[in-house]
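Asks: In the working numbering, the protein residues as written are 1375 to 1506.
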Amino acid sequence: MSRDLAQLKDVRLSLGGAPLFEGVDMALIKGERATLVGDNGAGKSTLMRILARRIEPDRGSLTFASGVSLAYVAQEPDLDGFATLRDYVEAPFGDMAPTPHHRAEALLEAYGLDPGRAPVGLSGGEARRAAL
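Here it is in structure tokens:
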């Protein structure tokens, strides 16, 4: 994994008993760009969820280089259940040391968003900026 930032080996995932993909090998290489292309329903978003460790494959391995993690922004971020955009930004930190409110506020304001705003009624672009 010398230049590999992340590597998938022999990954398989089934949904509802039917294989979505099988035998997937992939590497994300430092300094290179990667594009994931496929038809609707081919498993692109699901593969991204595996890379982001949101779901586990049925088989195979996912390895990251030391200090590397991966996150992705969904096309339609799920902001339901959050009172404010600040709450949404702080949520991924869970029980870890909480992100200070001023840091979350600075991040949101840098994207032109009001930290105290309720997520209800955000445009698609505003929701994606909050997710970033």
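All C-beta atoms in this analysis are idealised placements derived from N, C-alpha and C, irrespective of residue type, glycine included.
Which residue's Cα is closest to the Cα of residue 1493: 1427, 1459, 1480 and 1412?
Replies: Checking every option, the nearest Cα to that of residue 1493 belongs to 1459.
Asks: At what residues does the alpha helix (DSSP H) containing residue 1424 begin and finish?
Replies: Residue 1424 -> alpha helix (DSSP H) spans 1418-1425.
Asks: The beta strand (DSSP E) with residue 1402 in it runs from where to where?
Replies: Here the beta strand (DSSP E) through residue 1402 covers 1392-1403.
Asks: In its own chain, which residues sit with a C-beta less than 7 Å from the C-beta of residue 1377, not counting the 5 before and 5 after it?
Replies: So the qualifying residues of the chain are 1403 and 1404.
Asks: Between 1448, 1406, 1379 and 1409, which has its C-alpha nearest residue 1506's C-alpha?
Replies: When each option's Cα is compared against that of residue 1506, the closest is 1448.
Asks: Alpha carbon to alpha carbon, what distance is there between residue 1462 and residue 1480?
Replies: If you take the alpha carbons of residue 1480 and residue 1462, they lie about 14 Å apart.
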